[in-house]
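My numbering applies: residue 238 is where the sequence shown begins, and numbers increase by one.
Just so you know, even glycine gets a beta-carbon here, dropped at the ideal spot from N, CA and C.
Down below is the structure, laid out as structure tokens.
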Amino acid sequence: MESCDIIESVAATNPAGALSLYEKDAMMGADSKVDASQRMLNVDEPLQEGKKLQQYVSSLVVCLTAIQSGMTLGWSSPICPYLKSGQSFLPAITDEEESWISSLLAIGAIVGAVPFGKVADRIGRKKAVVIPALPYLVSWGLLIFTRNLMCIYLARFVAGIGTGAVFVLVPVYVGEIAETSIRGALGIFLPLFFSFGLVYAYTAGAYVNYISFNVTCALMLVPFLICVPFIPESPMWLVHKGRKLEASKVLEVLRGPDYDVKREISILQEEVSEQEKKKGGFRDIVKTKAGRKAMVTCLGIMWFQQASGVDAILFYTVLIFKDAGSTIDPNLATIVIGMIEVVMTVIVALVIDKYGRKPLLIVSGSAMALCLGVFGYYLKLKDDGTDVTSIGWLPFTCLSLFNVVFSVGFGAVPFTIISEIFPLETKGVATSICIVFSWALVFTVTKLFPLLDEKLGSAVTFWIFAGFCAMASLFTYFFVPETKGKSIQQIQKKLRRRKNQVKSSHAV
């Protein structure tokens, strides 16, 4: 299977999933490299450690595009209230128009996530990672130079194409240039820079004027465009194309002049050969019991990830705080929540392999249900006319804690499970299905949230989200297998077991 097809995208709903996927790929890659070296070179030692600086620099450069992804996702939170105020260049937008501004990004991301893996296989990883810059520039240009709602719609859709492409292309490049020992560390750049972009959008969007905000967002592409010509091509892609000499030179740049280049080239050749032999499609997934159960499991956790309402909260944070009557400034509260996202992006990498997948998901779902349930109760008190001034801090507390527990569990773990539960030959197709499904849910939730809020009331809407969070914990307990520390063979064996064989071991 082509490397680029192994991981089609990562949720924009929560970018830390990209890190989780590549941590598991790193482990798989390490095993295959050792096996290859033993067969081809008759050497038992692991690969020599090379120099790391160029790997860090190259990864940092390509991950600069994730700042754009974060800014586009966070854009609607400060800007939609401005467009609804009646003091912008447009007549005050309606709730329906606001929902389209937010949700069209997800439609664009679906379009962007589908084709760019194949594009990267054809033209190379280095050239492909430049592609998202074009839709981002078009999007910011539309927002800067036009003054009508349809152009805003178009800008959001085009920005979504760039975002979908970023979460396909960047993790592939980083995963293919990095040594196994630092692949996880390099993988954190993507979600980290995404979070930086989110915080910038929340901050600048709240305190600078509309044009200046969009101009500064566009200018943030300049460092990426200046630096990207100087990064090397992926050595794995070069080997796949039969360009061994170029791959050797690239490895010397990435690992240092004293590195054993020939040995890694031989291992890369073996990996490429194995991937070519193991190609599978959707039919290969559903024809086996293990494949069907794995797909149901992954689609289930992706469903509950979005049914938690996380993206509705992310897109409408400022409006939610304003409607809640929080005593904390809505813009400041939104910025702090964005900063929490930055911190939790780092923490999630430290806990996911320590505590296991199921415990994190169960605790995450239960805690999210509690946070949203309490927040819904606060909204009910406010709607009933109760004086909530003394507990005006509660909305900020509830949504901050929600963001924390989401990030630790349902933010990243679903992507980790996807990377572990499918065998290599079907992982690319399965991941593509799950990611497109996730983006479709992002669109649905962000589009329906204003309607639910209007028809049912804020309290009931958040109680619905809380109910899904509680159901997520139950689904995890009964249907999600623990994959921590298990080989793909062990996981597949577990999925093939009959129901009565696992009835007494739900937690396994």
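Work out the CA separation of residue j and residue i for me, nearest whole Å.
| i | j | result |
| --- | --- | --- |
| N640 | I577 | 7 Å |
| G562 | L423 | 41 Å |
| L607 | A703 | 7 Å |
| T634 | V579 | 17 Å |
| V403 | V366 | 7 Å |
| I463 | M708 | 48 Å |
| G694 | Y373 | 35 Å |
| W630 | L678 | 31 Å |
| G581 | G646 | Looking at the sequence shown, residue 581 is not Gly but Met. About 11 Å. |
| V573 | Y447 | 21 Å |
| V673 | M539 | 10 Å |
| V476 | P469 | 14 Å |
| V280 | E508 | Here V280 scores only 37 on pLDDT, less than 50, and its place in the model should not be relied on; the value that follows carries that caveat. So the alpha carbons of these two residues sit roughly 17 Å apart. |
| T626 | A396 | 40 Å |
| V348 | S669 | 12 Å |
| F461 | S296 | 11 Å |
| A544 | I701 | 9 Å |
| K530 | D521 | 13 Å |
| G575 | G648 | 14 Å |
| M264 | S510 | Because M264 sits at a pLDDT of 41, beneath the cut-off of 50, its placement in the model cannot be relied upon, and the point is left open. |
| R384 | D560 | 27 Å |
Can you find the residues in the same chain that come closer than 6 Å, C-beta to C-beta, to residue i, ignoring five residues on each side of it along the sequence?
| i | result |
| --- | --- |
| C535 | I655 and C671 |
| I565 | F633 |
| F431 | P252, A303, S306 and G307 |
| G311 | L435, A438 and Y439 |
| A604 | V642 |
| P369 | T302, G399, A402 and V403 |
| D548 | T250, V679, V682 and T683 |
| L638 | C608 |
So, at 8 Å on beta carbons, what are the nonlocal neighbours of residue i in its own chain, with the 5 sequence-adjacent residues on each side left out?
| i | result |
| --- | --- |
| V452 | W377 and I381 |
| A455 | Y373, L374, W377, G378 and I381 |
| T571 | S314, P315, Y439, A443, T554, V555 and F558 |
| Y390 | W337, I338 and L341 |
Beta-carbon within less than 7 Å of residue i's beta-carbon, same chain only, minus the 5 sequence neighbours each way: which residues are those?
| i | result |
| --- | --- |
| E335 | C317, K321 and P687 |
| T720 | R594, I654, E657, I658 and I728 |
| A527 | Q729, L732 and R733 |
| L556 | C317 and P318 |
| F716 | T534 and G537 |
| I388 | It is Cys, not Ile, that sits at residue 388 in the sequence shown. So the qualifying residues of the chain are L379. |
| F680 | S340, A343 and I344 |
| S313 | I338, S339 and F552 |
| G746 | Because the chain in this structure spans residues 238 to 745, residue 746 falls outside the shown range and cannot be described. |
| D332 | P687 and E691 |
Is the beta carbon of residue i sitting closer than 8 Å to the one on residue j?
| i | j | result |
| --- | --- | --- |
| R393 | L342 | yes |
| I419 | P472 | no |
| K763 | G493 | Because the chain in this structure spans residues 238 to 745, residue 763 falls outside the shown range and cannot be described. |
| V650 | G546 | no |
| M308 | Y437 | yes |
| P408 | N568 | no |
| F705 | F541 | yes |
| A346 | W676 | yes |
| Q324 | L491 | no |
| F519 | V666 | yes |
| V801 | V298 | With the chain running from 238 to 745 in the structure shown, residue 801 is simply not present. |
| I550 | L689 | no |
If you count every other CB in all the chains shown that lies within 10 Å of the CB of residue i, and 16 or more means buried, which is it?
| i | result |
| --- | --- |
| D624 | exposed |
| K363 | buried |
| K692 | exposed |
| A329 | exposed |
| F754 | No statement about residue 754 is possible, as the shown extent of the chain runs from 238 to 745 and does not include it. |
| E286 | exposed |
| I340 | It should be noted that the sequence gives Ser, not Ile, for residue 340. It is buried - the Cβ of S340 has at least 16 other Cβ atoms within 10 Å. |
| I584 | exposed |
| I425 | buried |
| F558 | buried |
| T554 | buried |
| Y592 | exposed |
| D495 | exposed |
| L458 | buried |
| G266 | Because G266 carries a pLDDT of 45, less than 50, the predicted location of this residue cannot be relied on, and the following value inherits that uncertainty. So G266 counts as buried. |
| F467 | exposed |
Am I right that residue i and residue j are in contact with their C-beta atoms under 8 Å? What's the rounded C-beta distance?
| i | j | result |
| --- | --- | --- |
| A303 | L488 | With 8 Å as the limit, A303 and L488 do not qualify as a contact, their Cβ atoms being about 25 Å apart. |
| G401 | Q305 | Rounded, the Cβ-Cβ distance is 12 Å, inconsistent with contact. |
| A696 | G622 | Going by Cβ atoms, the distance from A696 to G622 rounds to 13 Å, so no, they are not a contact pair. |
| S485 | I504 | No, S485 and I504 are not in contact; Cβ-Cβ is about 13 Å, not under 8 Å. |
| T525 | G602 | Going by Cβ atoms, the distance from T525 to G602 rounds to 28 Å, so no, they are not a contact pair. |
| L327 | L386 | 6 Å |
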